[in-house]
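Quick notes on the structure that follows.
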Amino acid sequence: MAKNLLIVESPAKAKTINKYLGKDFTVLASYGHVRDLVPKEGAVDPDRGFAMRYDLIDKNEKHVAAIAKAAKAAEALYLATDPDREGEAISWHIAEILAERGLLEGKSLQRVVFTEITPRAIKEAMNHPRDISEPLVDAQQARRALDYLVGFNLSPVLWRKVQAGLSAGRVQSPALRMIVEREEEIEAFKAREYWSVEAECRHPKQDFTARLIKLDGKKFEQFTLTNADDAEAARQRLVKAAGGVLQVTDVTSKERKRRPAPPFTTSTLQQEASRKLGFTTKRTMQVAQKLYEGVALGDEGTVGLITYMRTDSVNLSADALTELRDVIARDFGTHALPDKPNTYQTKSKNAQEAHEAVRPSSALRTPAQVARFLDDDGRRLYELIWKRTVACQMIPATLNTVSVDMAAGNEHAFRVSGTTVIDPGFLAVYEEGKDTKGKDDDDEGRKLPQMQPGDRIPLERIHADQHFTEPPPRYSEASLVKALEEYGIGRPSTYASIIATLLFRKYVELESRRFRPTDVGRAVSKFLSTHFTRYVDYDFTARMEDELDAVSRGEEEWVPLMEKFWGPFKDMVADKMESVDRSEATGARELGTDPKTGKPVSVRLGRFGPYAALGSTAEDAEEKPKFSSLRPGQSMHTITLEEALELFKMPRTLGESNGETVSVGIGRFGPFAKRGSTYASLKKEDDPYTIELDRAVFLIEEKEEIARNRIIKEWDGHDIQVLNGRFGPYISDGKLNGKIPKDREPASLSLEEAQQLLAETGKPARGRFGKKAAKKAAPAKKAAKKTATKKAPAKKAAKKATKKAAKKAPAKKAAKKASKKTVAGKSAGKADD
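According to the UniProt record's numbering, the stretch in the sequence shown is residues 1 to 833, in order.
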């Protein structure tokens with residue numbers, strides 16, 4: 001065992017660094033977080049200075065054991081977890097665990113940080129170790145405690161008032177509010193008609209199209225013409241006034257510079273990868289993680305290709321700038337170099353400013369040189385990062401914009417513009433993408449023929465075109481991340497997890513790569529915005545992030561910050577739990593009255609999603625209402641009375657087949673066709689409101705044919721059967737399902753063989769009664785588990801001993817723990833919410 005132990009987070013990183021450090025070092029991975037808050041109420045105790053209860057994460061116990069074993073034999077320990085707050089917290093957790101087990105006595109323990117995994121960076125970090133940063137640990141502790149207290153206290157309110165199983169997050173809730181508010185803007189939007197007018201010109205050297213800028217002596221604006229009659233009248237006036245030609249009245253030429261975009265931060269990398277590569281935020285971070293941790297480059301060995309990908313900074317190191325300038329001079333010429341390096345300002349002032357921007361670890365490794373060592377995703381993302389970084393240190397692009405005004409008579413005028421590139425500068429390498437096309441972009445790259453005042457330009461025709469204003473677009477991943485960053489909500493490590501949580505909870509759905517809130521998401525957002533306004537307020541959330549940043553810089557104490565938040569929040573939760581009416585909380589809507597029955601029609605949010613009700617839903621109503629689930633694509637916020645009444649046409653009777661009625665309906669698990677006692681689910685392409693008799697009968701008989709062929713063999717007087725299943729033949733008695741050896745013909749099994757196979761391989765059958773069957777049919781498995789537990793007390797005893805030793809720690813150490821801090825990191829990935 002080597003005398004030095006270095007601990008990182010990921011095994012890929014451990015493998016790469018181990019090659020750099022040599023035989024004197026053992027490099028082990030923690031596999032992310034090693035401890036987490038116990039997943040139950042009371043894990044954070046506000047009455048004891050927000051003391052936290054945490055325990056080892058089950059899946060990482062073996063990794064902690066390996067670290068402890070290596071630490072026992074090592075002389076010096078180095079904590080090299082990721083260079084952010086969570087990485088700092090993981091290092092602190094590992095140090096605490098080793099201290100509790102008495103493995104640090106007489107040994108040095110130091111923290112080392114590097115933002116790129118290259119031999120030079122690792123050597124530099126090892127030469128400049130430091131202590132664990134208490135402010136960073138405090139900031140992460142406060143963040144984790146806040147997220148826990150919000151989740152464990154606000155979620156039960158949602159369960160009672162909105163729907164069971166919901167959750168509310170400190171940062172995800174404002175993000176959901178953004179998406180919902182945008183949807184409400186779209187629904188409230190009223191389109192306005194407007195007309196544009198253009199002239200198609202036939203210049204002897206080049207045709208071009210000019211747009212109307214003056215009509216009847218007045219500036220032509222978007223809503224000058226708002227109907228077809230006015231537009232046609234205006235077009236005819238213009239045609240008459242022009243007389244077949246437009247006369248050039250003014251030519252202006254303006255040279256301008258366009259600076260390159262800054263190097264990537266986490267946010268801008270996610271936005272640009274979404275726009276240009278079609279990557280989700282999660283996919284971007286996963287690919288970047290691999291590039292950062294190391295890629296095998298043939299004879300060069302394994303090298304980290306980019307710097308750390310979670311950063312707010314746009315700074316570049318002096319070494320990186322020198323190398324970038326060398327590459328630019330070599331590949332693009334010295335004229336592409338500015339006199340001195342370009343510098344950029346970062347809006348954020350938090351602790352992660354110590355990082356650099358996301359850049360190639362060496363600009364000398366061009367995308368072409370490393371392409372063969374990367375998969376397609378890695379190649380594309382590395383190329384994006386390399387080009388953006390190189391471009392940011394090049395000269396601005398020099399552009400020339402020419403605008404030509406042309407008169408049609410004395411009262412009207414048209415304009416055409418064109419922009420040409422005089423010197424591409426950084427554009428020779430990279431141009432930033434955009435979510436929407438700007439007005440100037442229409443002219444860019446268009447070169448106009450030479451014109452001067454007095455020239456008469458032949459006119460081919462003048463045409464007017466109808467348009468309608470459009471609602472604001474739904475958020476894409478790129479625009480949502482940009483909005484979160486602009487509001488100051490979340491931090492680099494949180495954007496991907498915010499989006500993942502919203503999708504996982506089914507609060508939002510992706511339609512054409514845009515976020516649309518579900519009815520459940522809208523109910524949650526409305527409830528929180530109405531009753532917990534302060535806590536989903538954008539400014540409040542941003543101020544909280546700023547205060548956490550202040551804690552990370554050592555400018556603010558974390559416990560007073562928690563106390564300021566907790567008191568008012570706790571009181572509000574208690575009040576809303578009692579005072580809020582559920583119907584109001586779920587956004588129920590009264591749509592009107594059914595003209596046939598005179599009964600009220602409403603839409604509501606139930607246990608299994610949104611539904612329509614025909615009749616009174618009051619508890620004391622004389623007659624029970626009818627209910628029907630909404631169809632896919634329908635929303636309780638936009639459905640009309642007529643659309644809701646259509647839902648109650650179910651079940652539909654289609655006709656008769658084999659002397660039995662055939663009908664279609666919609667049940668808990670979706671639409672179905674029914675004949676006698678046979679139910680058959682409709683396919684995705686089948687609409688229960690339009691399906692015809694022949695198609696329904698086909699689906700039913702297909703289901704019956706499958707059922708007839710399902711039984712391979714059975715024995716009278718016994719429940720055991722040999723059946724055809726989705727994944728092949730198997731044995732079942734209705735309670736247990738057993739496997740059949742691949743070398744056995746299922747139909748040749750005897751009853752005794754089937755019973756033996758079921759006893760040896762049987763597992764509880766899935767289904768509505770699976771759990772109950774499992775308890776009755778598998779006592780042997782349970783007994784075996786108890787026996788194994790009794791025979792393996794060592795692990796449990798060791799765990800108890802560790803806790804007992806911690807309790808017996810000196811009062812000084814205990815006091816330090818109680819006042820300082822018990823950081824509980826998240827159990828999976830870089831996530832704060």
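Ideal Cβ positions, reconstructed from N, Cα and C, are used throughout, including at glycine.
Here the structure is a predicted model, which means the values were calculated and not measured.
Within this structure, are the beta carbons of Arg-160 and Met-577 separated by less than 9 Å?
-> Counting from one through the sequence shown, the residue named residue 160 turns up at place 160. Counting from one through the sequence shown, the residue named residue 577 turns up at place 577. Yes.
Since Asn-60 contacts Tyr-31 with CB under 8 Å, what's their CB separation in whole angstroms?
-> As a first step, residue 60 must be located in the sequence shown, where it is residue number 60. As a first step, residue 31 must be located in the sequence shown, where it is residue number 31. Taking C-beta atoms under 8 Å as the contact rule, Asn-60 and Tyr-31 qualify, at a distance of about 5 Å.
State the start and end residues of the unbroken alpha helix (DSSP H) segment that holds Asp-36.
-> In the sequence shown, the residue the question calls residue 36 occupies position 36. That residue, Asp-36, is in no alpha helix (DSSP H); its beta strand (DSSP E) goes 35-37.
State the Cα-Cα distance for the pair Ile-731 and Ile-90, rounded to the nearest angstrom.
-> Along the sequence shown, read from residue 1 onward, the residue named residue 731 stands at position 731. Along the sequence shown, read from residue 1 onward, the residue named residue 90 stands at position 90. Computed Cα separation, rounded: 48 Å.
Which two residues bound the contiguous beta strand (DSSP E) that contains Asn-400?
-> Residue 400 sits at position 400 when you count from the first residue of the sequence shown. Here the beta strand (DSSP E) through Asn-400 covers 397-408.
Output yes or no for whether 9 Å exceeds the beta carbon distance between Glu-356 and Ser-403.
-> Within the sequence shown, numbered from 1, the residue matching residue 356 stands at position 356. Within the sequence shown, numbered from 1, the residue matching residue 403 stands at position 403. At least 9 Å separates the beta-carbon of Glu-356 from that of Ser-403.
Kindly indicate which residue of Glu-75, Val-416, Lys-62 and Asp-686 has the alpha-carbon position closest to the one of Asp-405.
-> Within the sequence shown, the letter at position 405 stands for residue 405. Minimum Cα distance to Asp-405 is reached at Val-416.
Cβ separation of Pro-360 and Ile-306, assumed to be a contact under 8 Å, to the nearest whole Å = Within the sequence shown, numbered from 1, the residue matching residue 360 stands at position 360. Within the sequence shown, numbered from 1, the residue matching residue 306 stands at position 306. Right, the Cβ-Cβ distance comes to about 6 Å (below 8 Å), so this counts as a contact.
Simplified DSSP assignment, three categories, for Ser-750 | In the sequence shown, the residue the question calls residue 750 occupies position 750. When secondary structure is reduced to three states using DSSP, Ser-750 falls in the coil class, being assigned neither helix nor strand.
Can you tell me whether DSSP reads residue 898 as helix, strand or coil?
-> Missing from the structure shown is residue 898; the chain here goes from 1 to 833 and no further.
Rounded separation between Gly-438 and Phe-426 - CA only = Locating residue 438 in the sequence shown gives position 438, counting from the first residue. Locating residue 426 in the sequence shown gives position 426, counting from the first residue. With a pLDDT of only 40 at Gly-438, under 50, the local geometry of the prediction cannot be trusted, and no value is derived from it.
Cα separation between Val-664 and Phe-727?
-> Here residue 664 corresponds to residue number 664 of the sequence shown, with the count starting at 1. Here residue 727 corresponds to residue number 727 of the sequence shown, with the count starting at 1. Those two C-alpha atoms are separated by around 29 Å.
Proximity winner among Arg-365, Asp-575 and Ala-371, relative to Val-157 (alpha-carbon distances) | To locate residue 157, count along the sequence shown from 1; it is residue 157. Taking the Cα of Val-157 as reference, the smallest distance to any Cα among Arg-365, Asp-575 and Ala-371 is reached at Asp-575.
For Arg-514, the three-state DSSP class (helix, strand or coil) = Looking up residue 514 in the sequence shown gives position 514. Arg-514 falls in the strand class under three-state DSSP.
contact_flag[the segment 227-235, the segment 390-397] where n(CB pairs < 8 Å) is 3 or more | Pairwise C-beta distances place the segment 227-235 out of contact with the segment 390-397, as fewer than three of them are shorter than 8 Å.
Would you please state the rounded distance, in angstroms, between the beta carbons of His-412 and Ala-241? I believe it to be under 8 Å.
-> By one-based count along the sequence shown, residue 412 stands at place 412. By one-based count along the sequence shown, residue 241 stands at place 241. Between the beta-carbon of His-412 and that of Ala-241 there is about 6 Å, and that keeps the pair under the 8 Å contact cut.
Three CB pairs or more closer than 8 Å across the segment 134-141 and the segment 492-502 = Segments in contact, no.
What separation, rounded to the nearest whole angstrom, lies between the Cα atoms of Ile-700 and Glu-656?
-> By one-based count along the sequence shown, residue 700 stands at place 700. By one-based count along the sequence shown, residue 656 stands at place 656. So the two alpha carbons sit approximately 13 Å from each other.
Do Val-197 and Leu-215 have their CB atoms nearer than 9 Å?
-> Position 197 of the sequence shown, counted from the start, is the residue given in the question as residue 197. Position 215 of the sequence shown, counted from the start, is the residue given in the question as residue 215. Cβ atoms of Val-197 and Leu-215: closer than 9 Å.
Where Arg-310 and His-93 are concerned, what is the direct C-alpha to C-alpha distance, given to the nearest angstrom?
-> The residue given as residue 310 occupies position 310 in the sequence shown. The residue given as residue 93 occupies position 93 in the sequence shown. Taking the straight line from one Cα to the other gives about 21 Å.
Taking the continuous beta strand (DSSP E) assigned at Asn-4, which residues delimit it?
-> Against the sequence shown, residue 4 aligns to sequence position 4. For Asn-4, the enclosing beta strand (DSSP E) starts and ends at 4-8.
Buried or exposed: where does Lys-13 fall if 16 or more other Cβ atoms within 10 Å of its Cβ makes it buried?
-> Taking the first residue of the sequence shown as position 1, residue 13 is located at position 13. With 16 or more Cβ atoms within 10 Å of its Cβ, Lys-13 is classed as buried.
Give every residue of the same chain whose Cβ lies closer than 8 Å to the Cβ of Glu-41, excluding the five residues on either side of it in the sequence, and list them in chain order.
-> Indexing the sequence shown from 1 puts residue 41 at position 41. Within its own chain, the residues whose Cβ lies closer than 8 Å to the Cβ of Glu-41, once the five positions on either side in sequence are excluded, are Phe-152, listed in chain order.
For Pro-741, does the count of other Cβ atoms within 10 angstroms reach 16, so buried, or fall short, so exposed?
-> Indexing the sequence shown from 1 puts residue 741 at position 741. Pro-741 is classed as exposed because its beta carbon has fewer than 16 other beta carbons within 10 Å across all chains shown.
From this set, Glu-75, Ala-43 and Arg-53, which residue's C-alpha is nearest Asp-24's C-alpha?
-> Here residue 24 refers to the residue found at position 24 when the sequence shown is read from its first residue. Sorting Glu-75, Ala-43 and Arg-53 by C-alpha distance to the C-alpha of Asp-24 places Glu-75 at the top.
Taking C-alpha atoms, which residue in Asp-331, Thr-284 and Lys-763 lies nearest to Ser-497?
-> The residue given as residue 497 occupies position 497 in the sequence shown. Relative to the Cα of Ser-497, the nearest Cα in the group Asp-331, Thr-284 and Lys-763 belongs to Thr-284.
Taking the continuous beta strand (DSSP E) assigned at Tyr-54, which residues delimit it?
-> As a first step, residue 54 must be located in the sequence shown, where it is residue number 54. Counting along the chain, the beta strand (DSSP E) containing Tyr-54 begins and ends at 54-56.
Can Ser-493 and Glu-88 be called in contact, C-beta distance under 9 Å?
-> Position 493 of the sequence shown, counted from the first residue, corresponds to residue 493. Position 88 of the sequence shown, counted from the first residue, corresponds to residue 88. In this structure, Ser-493 sits away from Glu-88, with a CB-CB distance that is not shorter than 9 Å.
Taking just the CA atoms, how far does Ala-368 sit from Glu-556?
-> Taking the first residue of the sequence shown as position 1, residue 556 is located at position 556. Taking the first residue of the sequence shown as position 1, residue 368 is located at position 368. Each residue's alpha carbon lies about 48 Å from the other.
Spell out a yes or no on whether the segment 709-729 and the segment 689-700 are touching, meaning 3 or more CB-CB pairs, one atom from each, closer than 8 Å.
-> Judged by Cβ distances under 8 Å, the segment 709-729 makes no contact with the segment 689-700, as fewer than three pairs qualify.
On a CA-only basis, which of Glu-200, Thr-281, Asp-326 and Phe-527 is nearest residue 836? Give me that one, please.
-> No statement about residue 836 is possible, as the shown extent of the chain runs from 1 to 833 and does not include it.
Residue closest to Glu-642, alpha-carbon to alpha-carbon, out of Leu-591, Asp-539 and Ser-274 | Here residue 642 is taken as the residue at index 642 of the sequence shown, counted from 1. Of Leu-591, Asp-539 and Ser-274, the residue nearest in Cα terms is Leu-591.
Name the DSSP bridge partner or partners of Pro-671?
-> Reading the sequence shown from its first residue, position 671 is the one you call residue 671. BP columns for Pro-671 point to Ile-666.
Can you give me the start and stop residues for the alpha helix (DSSP H) that Glu-232 sits inside?
-> Position 232 of the sequence shown, counted from the start, is the residue given in the question as residue 232. Per DSSP, Glu-232 belongs to the alpha helix (DSSP H) from 228-242.
Would DSSP call Ser-253 helix, strand or coil?
-> Counted from its first residue, the sequence shown places residue 253 at position 253. Collapsing the DSSP output to three states places Ser-253 in a strand.
Is the beta carbon of Glu-116 less than 9 Å from the beta carbon of Gly-304?
-> As a first step, residue 116 must be located in the sequence shown, where it is residue number 116. As a first step, residue 304 must be located in the sequence shown, where it is residue number 304. A contact, by the Cβ cut-off of 9 Å.
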